[in-house]
Structures are given as C-alpha cells and as structure tokens.
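Chains G and X, in that order, are what the protein sequence lines are.
Just so we're aligned: the first sequence equals residues 401 to 999 in our numbering.
Just so we're aligned: the second sequence equals residues 281 to 521 in our numbering.
Please read the structure below before turning to the comments.
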Amino acid sequence: MRKKLQSYGLNILALALLYGLMSFLIGQGAINKYYLGILLSAGIAIIMAVSLNLTIGLLGELALGHAGFMGVGAYAAALFTKNIGMDPATVFPLTLLLGGLAAAVFGLIIGIPALRLKGDYLAIITLGFGEIIRVLIINLDFTGGARGMRGIPRITNFTYVYVLVALVVAVMFTLGRSRHGRAILSIREDPVAAEASGIPTTYYRIFAFTVAAFFAGVAGGLYAHYVGVLDPNNFGFMKSIEYLVMVVLGGMGSITGAISAALVLTALPELLRQFSEYRMLVYSLLLIGMMLFRPAGLLGIREFSLTGLLSYVFRRCPHAEPEEREMPQAVAQEAPPLRPPVAEDAPVLLSAQRLGIQFGGLKALTDFDVTIHAGEIVGLIGPNGAGKTTVFNLLTNVYLPTSGVIEVEGVNVVGVPTHEITQVGIARTFQNIRLFRKLTVLDNVKIAYHNQMQYTSLEGTLRLPRYWSEEARANARAYQLLRVFGLEKLAEERADSLPYGAQRKLEIARALATNPKLLLLDEPAAGMNPIETQDLMATIRNICDRFNVAILLIEHDMSLVMGICERIVVLDYGQMIALGTPDEIRRDPKVIGAYLGGE
Amino acid sequence: MEKEKELPMLSVENLRVYYGAIHAIKGVSFTAYQGEIVSLIGANGAGKSTILNTIAGLIRPKEGDCRFEGQSLKAVEAHQIVKRGLALVPEGRRIFSRMTVQENLEMGAYGRHDKEGIERDRERVFESFPRLKERRRQVGGTLSGGEQQMLATARALMSNPRMIMMDEPSMGLSPILVQEIFSIVQEINQQGTTVLLVEQNAKMALAIASRAYVLETGRVVLSGDAKEMLNNEEVRRAYLG
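In structure tokens:
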C-alpha cells in the first residue's frame with residue numbers, strides 16, 4: 401500500500417508539473433489560440449474515448465451511441481447555464497455535473513432493457529438511441545431545433561479540461577482496479593463463469609454503461625461551453641463512430657491507449673490541413689494501416705505507467721518493484737482461516753427431490769433424487785447425453801426445473817439467481833475450462849471473492865481505507881488458496897498462459913474462493929493422463945478435508961470415480977438407474993450394460 | 281522388419297515448431313507405414329496435438345518436413361492436404377454445430393467431385409455409424425459427446441482418406457463409448473486406412489496400435505512395438521498409472 405501511495409503521489413506531482421508548464425506556455429503565448437483550441441478538443445475527445453473504453457474495452461459490449469450521451473449532456477448543461485440566472489462561471493462545476501447526470505439517466509433508461517440482451521442487440525439499440533437523440537433535438541423547441549443553440553457562454557478553459565481529463569482518467573484507473581472493475585472485466589472474459597463466481601452480471605453491465613454515459617455527459621457540458629454553439633448534427637452516428645475508432649485504435653481495454661489515440665486522431669486532421677482535400681484520405685489510410693499492422697491497437701491491453709517508465713529508466717529506483725511483489729511475504733502471518741470448521745456429524749447439505757426438466761418435448765431429466773451430506777464425495781456418472789451436466793445446471797439455477805425442489809440446508813433454492821447460488825454455498829467448475837483467460841491467475845481468484853468484500857464503488861474509486869483493508873485481505877487469502885494448489889508462483893501470469901493441468905486446478909481454486917459448502921466438479925480429469933489424474937485425486941481429497949466441502953463430481957475416468965467417491969449416482973437417459981457404493985455400482989448389471997461395458 | 285524396406289506412407293523429419301518464443305516441438309521424427317495404426321502418447325503439453333496440426337497444415341513448422349506418400353507437404357495448404365488423402369479428426373471434435381449431420385458429412389466431402397463415390401462413402405459411414413443415420417437431419421450441436429465424436433470421425437472419412445489422424449478421440453467419453461470408439465478405429469484400419477492416433481488413454485491406444493512413439497516436452501523419448509511398450513516398466517510408470 402505504501403508503494404502504491406508513493407506512486408499515486410508521483411503521478412499527481414507529474415500532473416501538477418505538466419499543468420504548471422502548460423499554463424505558463426499558454427500565458428506566454430507560446431501556445432497560441434489555434435493550438436489551445438486543438439488541445440481543448442483533444443481533451444474532450446480523451447474523456448469521450450476513455451469513458452467509451454469502459455463499455456467497449458472493459459465490459460466488452462459494443463455501444464454505438466456514445467455521442468448521443470454527449471449530446472444529452474451538452475444540451476442539459478447549456479440549458480442550465482442559460483436559465484440559471486446566476487453567473488454561469490461560478491456554478492460551472494455544478495453545470496457539468498448536471499450534464500453528466502442527465503446523460504447517466506438516459507444511459508440507465510437505455511441500458512436496463514438493452515443490456516439484458518446479449519451481443520449485437522446492444523449495438524443496434526444504442527445506434528437507434530443516438531439517432532433518436534439527434535432527431536429529438538432537431539424537433540424540440542427549447543433546444544433551438546435544427547438551427548442549433550447559440551449564445552452559450554464560453555466558460556470552458558484549459559484548467560477545466562485539464563482537471564477533468566485527469567479526474568476521469570484517474571477514476572477509470574482506480575475503478576478498473578477495484579472489485580467492481582474486476583467484476584466488469586470478468587463479464588468481458590466469460591459471462592457464464594462470472595455468474596458462477598457470484599458476479600451479478602446484469603447489474604454490472606448497466607453500471608458500466610451508466611458510468612460511461614455520465615462521463616460522456618460531462619464531456620458534452622465541456623464541449624457546449626467551449627464552442628458556444630450546439631449543432632444537433634454534431635452528436636450523430638458518425639461522431640459516435642469517431643470515438644469508437646479512438647478506442648479501437650488505442651487498443652480495446654487500454655486507458656492510456658485510448659488517450660493516445662484520442663490525441664492523435666484529434667491533432668492529425670489539423671496537421672494534415674496542407675493536404676486539403678486529400679486529408680480524409682490520408683487519415684483513412686493511416687487508420688487502415690494501423691489496423692493491419694497493429695490489429696490489437698497502439699497499446700493492446702497494456703497500460704503506460706509513469707512509475708513503470710521511471711523504473712525502466714532508473715532500473716534500480718525504489719519504485720521499480722511492482723507493488724504485487726510485496727504480497728507473498730505478507731501472506732504467511734495474517735491470512736485468516738479460509739472457513740470456520742463445521743460440526744462433524746455430517747448433516748444433510750443438499751437434497752433434491754423429484755427434480756425434472758423438459759426442453760420442448762425432450763425430457764432431459766426426470767424424477768432425480770439425491771441427498772448429499774456435508775463433507776461427502778459423491779460421483780455422478782452415466783453415458784454421454786444422460787443429463788449429468790443438466791443436473792449441475794439445475795443445481796446452480798442456470799436452468800429452472802420444470803418440477804421438483806432443491807434444498808440447501810433445508811431452504812428451497814429453486815429460482816435463486818445463478819450469481820446468488822454461490823452465497824447459498826454452491827460453486828462449480830465447467831466441462832470445458834472457463835477461466836477469465838486474459839486476466840491474471842490472482843485476479844481470477846479475486847473475482848470470486850467479490851461478494852466477500854463490501855466496499856462500495858465510491859470507496860474503491862476514491863481508495864478509502866476499507867478498499868485497502870479488504871483488498872489486502874483478499875490478496876492474502878488468494879495467495880493462501882493458490883498455494884494449496886501450487887499456483888502461487890504463477891499468480892501474476894495470465895490465466896491462458898498456464899499449462900492445461902494448472903488451468904483445471906485454477907478453476908477449482910476459483911470455485912473454492914466463493915467459500916462453498918458444496919463443490920460441483922464437471923469432468924475435472926478430462927484430458928489428463930493417468931499420472932495427472934492420480935495427482936488430481938489427491939488434490940480433491942485434500943480440498944475436501946481442508947476446506948470441509950462436499951463434492952459432487954461428474955467424471956468418466958473410472959479410476960478416479962471408484963477411487964475417491966463414497967457414493968455414486970448413475971444416470972441414463974435422464975433417469976437415475978443406480979445409486980450406491982463404488983463396489984455396488986461396479987457389479988450392477990444395469991450400469992455395466994448402459995455405461996461401463998464389459999472389460 | 282519387412283516394413284523398413286517399403287516407403288513409409290507418412291514420414292515426419294526433424295520437425296521443429298514454435299509458438300512465438302515457445303519451442304513446442306524440438307526436432308521430432310517418426311514414420312507410419314501403409315496399413316498401420318501408429319500411436320503417439322505422452323503427457324499434456326508434450327506436443328502431440330501440435331504435431332498432428334502441423335502435419336495437417338494448420339501450423340507451419342520452423343524447420344523440418346512432413347512427407348506423405350513420398351511428397352513434401354511443406355508448401356501445401358491444409359485443404360489440399362485433405363485432397364491428397366490425409367484427413368484429421370481434430371481434438372475436441374470441432375463439428376459444424378449448427379449444420380445437420382448430413383451437412384457435416386457433405387462438408388467432409390467438400391474437396392471431392394465424384395458424386396457416386398461420395399454417395400457410396402456416405403452409405404458406408406452410415407453403416408459403420410447407424411446412430412448418425414438415425415440423426416441425419418439433426419443439428420450437430422444437439423448430439424451427445426459420443427455422437428459428436430462419431431460425426432467428426434465420419435466427416436473425416438467422407439474425404440475418402442488413405443490415412444486418418446485422430447486427436448484424442450476418447451476424450452470426455454464414457455467407458456463403454458471409449459470401447460466403441462476404439463473398435464471403430466480398428467475397423468477403419470481394417471478397411472485399409474492407415475491411422476495415426478494421439479491418445480491420453482495410453483493403455484487402450486497401445487492395445488490396438490502396431491507401433492508407438494512416446495513424446496516428452498516436444499521430443500520423442502521412446503519408440504517401438506506397441507505391445508512391447510505395454511509391458512515396458514518405464515512406460516507403465518509414467519503413462520499407464
């Protein structure tokens with residue numbers, strides 16, 4: 401934390417120095433009005449690009465109406481200024497806030513219906529929204545209609561733009577590196593796994609979208625009071641596309657990338673003035689060239705950091721150590737026990753009765769009964785297509801059963817949203833590994849701690865004490881958990897760079913991080929050779945004792961199933977055909993016929 | 281052995297493959313003769329799939345060459361390799377999940393133009409896989425795992441290959457289906473198709489193969505007669521459990 405604060409201080413110092421320098425140059429006239437104009441436009445573009453990056457880069461949803469939100473903010477702010485009756489310059493911060501809030505309200509209104517849908521729908525809906533805003537502004541009286549709104553006092557100056565750019569960028573950074581930011585990233589990486597890790601994905605989709613709209617509104621307010629005249633056509637589809645281009649060019653997900661792209665793309669058309677009519681052609685060619693040679697954008701998903709640069713320049717500078725390096729030592733002493741011990745006499749943990757589901761006319765599962773006691777290892781086997789994964793999807797409420805009840809410790813959990821199932825105490829892994837691939841091993845685990853941290857998005861953004869204490873605790877717990885799986889040395893690696901077996905382990909670790917009472921493992925040994933499978937068996941036994949969880953596992957590898965399961969349930973064509981100890985199952989003629997086959 | 285005198289059907293010579301900076305295959309050589317089942321076994325990450333994908337033309341080697349029936353595959357594109365009679369059943373099945381079973385099979389015969397031959401082969405695969413015939417109008421993605429594996433195998437057979445490469449056909453399948461898939465592999469082989477088999481399930485792979493190569497981190501560490509390998513203490517300890 402101390403190093404982190406040092407680095408914040410360093411950045412703030414650098415920002416202040418840059419501000420002083422720029423103000424001096426402007427005051428001296430070294431930066432004339434023309435260049436100042438370009439600078440202010442670029443600043444506004446940076447706010448737009450960085451906020452759009454939240455939706456497109458971090459959340460991973462394509463939104464095409466960002467300029468529409470800017471328009472809402474611009475008009476709201478301008479109307480406020482013209483009607484307030486006070487000196488507009490003194491209330492300007494309030495004006496900008498209002499512009500942002502107006503846009504955020506629209507963001508919420510659009511977001512709630514649109515973000516329930518997946519994928520391309522959002523693009524189309526936001527596209528429509530942008531056009532609606534433009535047409536509305538043209539046809540309303542109080543906006544000045546197609547002639548535009550004139551006579552807005554030109555209050556926006558370098559200081560306002562500079563401070564707001566710095567603020568917005570800082571907020572994006574701190575928000576992105578809080579539990580809320582990780583939740584948003586996890587949705588981009590894999591919404592299904594995010595839900596299963598306890599992230600309320602719909603909430604965070606709308607959250608990210610609304611925050612992005614808010615900052616677009618602020619940028620709109622700045623813009624209105626910079627140009628002094630608003631033209632509805634400036635907030636149309638093409639404008640939205642321009643901001644989209646900035647985000648893509650900068651590298652989706654990279655804030656500093658978006659900043660550099662916004663700077664370049666605002667300055668470039670001006671610098672190209674000498675080519676007059678070929679200007680746009682050159683601009684387009686550059687774009688195409690960029691995308692061909694750097695398809696991931698200027699910076700990809702990397703970030704430029706001042707401390708990183710300094711440590712690069714002065715190799716052995718004390719800031720050189722990335723902050724996470726200090727974590728491993730911090731772990732050993734202060735890590736609390738991962739879960740309180742549970743009473744020994746194994747009460748019933750989960751019971752499902754007469755569980756069934758139909759897809760159209762297909763009965764995928766009928767009258768499925770199972771009881772799992774605390775701390776037990778139960779196997780679920782059966783031919784491919786027998787409905788094993790369907791059972792998992794029912795227990796985690798990915799599907800709603802057409803009949804039957806599921807009780808966890810006596811409470812019916814049918815209908816509890818998937819992301820709340822983890823709080824009931826059920827966690828799962830997936831048949832085809834579903835990690836948050838581009839995030840680090842550590843973040844994969846920390847995302848699953850989401851619901852065990854309480855700090856609000858405001859506390860996270862402002863880096864208030866609760867953020868530090870809860871994050872430190874989560875880090876310590878995550879390292880402790882990773883150590884159980886021998887993954888602690890890989891904590892800073894990207895999840896998809898791990899070898900296959902380690903990825904399987906990480907998925908189990910992530911599921912355990914939600915602090916479950918029941919862990920569902922879907923074919924954990926798939927693709928492992930016999931030696932790796934034996935290693936996995938030991939791991940499963942180990943976590944069962946150590947974390948005091950019950951395990952329900954689907955597996956085809958009979959050495960594993962027979963080796964560690966206390967009881968085995970056999971499914972065929974959606975029906976339970978046998979239930980018993982490994983020995984009973986091995987001898988059951990029905991199981992031999994449907995599943996095991998003759999040796 | 282008399283095999284050594286004939287020309288190998290497939291010969292892989294000093295293959296080196298990189299993924300970026302990672303040296304995945306470090307000079308692998310092996311051969312497969314007409315009519316054989318050759319098996320590659322080894323731990324995860326040993327490079328088995330990479331080798332198959334390189335032979336199939338999906339990855340380009342940095343060094344080395346693959347020769348199929350004496351001809352270099354160096355500059356041959358993946359779809360041309362299929363046309364030459366060398367087909368791949370990829371890991372994880374990779375069926376066209378929104379197409380019907382029948383359409384999947386038609387895609388397998390994409391490079392062919394002999395209508396009657398295609399018709400004959402379709403009947404033949406339906407004979408080998410009656411389940412697919414029942415489900416010919418069903419969309420691939422709705423098949424169960426075992427059926428999808430059969431479809432992926434049938435699709436490869438539709439190109440009428442002289443040699444077929446199978447990447448972990450038993451992955452994710454129930455014991456009874458694993459037995460079925462292995463007997464299908466044997467059947468394909470008995471009908472005259474050479475088989476290159478990559479498997480985690482080393483025991484069963486060695487049981488049906490004639491020769492085998494053991495891979496470790498991108499190198500062949502052991503090769504020989506499959507039955508002898510089944511009894512090899514070292515192999516047992518490392519791969520058979």
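We treat Cβ as the ideally placed atom computed from N, Cα and C, and that holds for glycine.
If you're wondering where the values come from, they're calculated on a predicted model, not measured in any experiment.
The stretch 952-967 of chain G and the stretch 763-783 of chain G touch, with three or more beta-carbon pairs separated by less than 8 Å. Interface residue (Cβ-Cβ distance to chain X less than 7 Å): asparagine 793 of chain G is not classified as such. Residue burial is scored here from C-beta neighbours: valine 535 of chain G has fewer than 16 other C-beta atoms within 10 angstroms and is therefore classed as exposed.
Residue contact check for tyrosine 973 of chain G against chain X: no CB pair falls below 7 Å. A check of alpha carbon separations from leucine 459 of chain G across G/Leu522, G/Thr490, G/Gly471, G/Leu710 identifies G/Leu522 as the nearest.
According to DSSP, methionine 443 of chain X shares a beta bridge with X/Leu366, X/Thr474.
At least one CB of chain G lies nearer than 7 Å to the CB of serine 454 of chain X. Using a CB distance cut-off of 7 Å, glycine 327 of chain X does not count as an interface residue toward chain G.
Only residues of its own chain outside the window of five on either side were considered, and among them Asp345 have a CB closer than 7 Å to the CB of serine 352 of chain X, listed in chain order. At a C-beta separation below 8 Å, isoleucine 931 of chain G has these neighbours in chain X: Ala323, Ala518, Tyr519, Gly521. Burial check for isoleucine 806 of chain G: the Cβ neighbour count within 10 Å reaches 16 or more, so the residue is buried. In the three-state DSSP reduction, glycine 500 of chain G falls in the helix class (H, G or I). Counting every other CB atom within 10 Å of its CB across the protein chains shown gives valine 811 of chain G a total below 16, marking it as exposed.
At least one C-beta of chain X is nearer than 7 Å to the C-beta of tyrosine 900 of chain G. X/Ile444 is the residue among X/Ile444, X/Leu385, X/Glu396, X/Arg296 whose C-alpha sits nearest the C-alpha of valine 369 of chain X. Taking C-alpha positions only, proline 493 of chain G is separated from alanine 414 of chain G by approximately 24 Å. Cβ-Cβ distances below 6 Å link valine 991 of chain G to Val970, Ala978, Ile985 in the same chain, with the five nearest sequence neighbours on each side left out; the list follows chain order. Going by beta carbons, glutamate 427 of chain X and arginine 416 of chain X fall outside the 7 Å limit. For serine 869 of chain G, the enclosing alpha helix (DSSP H) begins and ends at 865-884.
For aspartate 922 of chain G, the enclosing beta strand (DSSP E) starts and ends at 918-922. Residue contact check for glycine 426 of chain X against chain G: a CB pair falls below 7 Å.
Annotated three-state conformation of lysine 905 of chain G is helix, per DSSP. Beyond the five residues adjoining it in sequence on each side, glutamine 854 of chain G comes within less than 8 Å, by CB distance, of Arg866, Glu870 in the same chain, given in chain order.
Under a criterion of Cβ atoms nearer than 9 Å, the residues of chain X adjacent to glycine 997 of chain G are, in order, Ser454, Pro455, Ile456, Leu457, Val458, Gln459, Glu460.
Between the alpha carbons of asparagine 539 of chain G and methionine 470 of chain G lies a distance of about 18 Å. Proximity to asparagine 851 of chain G across G/Ala661, G/Ser441, G/Thr822 peaks at G/Thr822, based on C-alpha coordinates. In this structure phenylalanine 409 of chain X is not in contact with methionine 387 of chain X, their Cβ atoms being roughly 16 Å apart against a cut-off of 8 Å.
Counting only Cβ-Cβ distances below 7 Å, methionine 451 of chain X has contacts in chain G at Ala926, Gly927, in chain order.
Beta-carbon to beta-carbon, leucine 385 of chain X and alanine 434 of chain X are separated by about 6 Å, close enough to satisfy the 8 Å threshold. Annotation: proline 989 of chain G has no Cβ neighbours in chain X at a cutoff of 8 Å; minimum Cβ distance is about 13 Å. Every unbroken stretch of the alpha helix (DSSP H) spanning 4 or more residues and falling wholly within the stretch 299-337 of chain X is given here in chain order: 328-335. Counting only Cβ-Cβ distances below 7 Å, glutamine 466 of chain X has no contacts in chain G at all, with the closest Cβ about 15 Å away. One Cα belongs to leucine 575 of chain G, the other to tyrosine 683 of chain G, and the distance between them is close to 33 Å. By the CB criterion at 7 Å, alanine 478 of chain G and isoleucine 533 of chain G fall outside the cutoff.
Remark: C-beta atoms of leucine 496 of chain G and methionine 549 of chain G do not approach each other more closely than 7 Å. Taking the Cα positions, valine 814 of chain G is about 22 Å away from glycine 761 of chain G.
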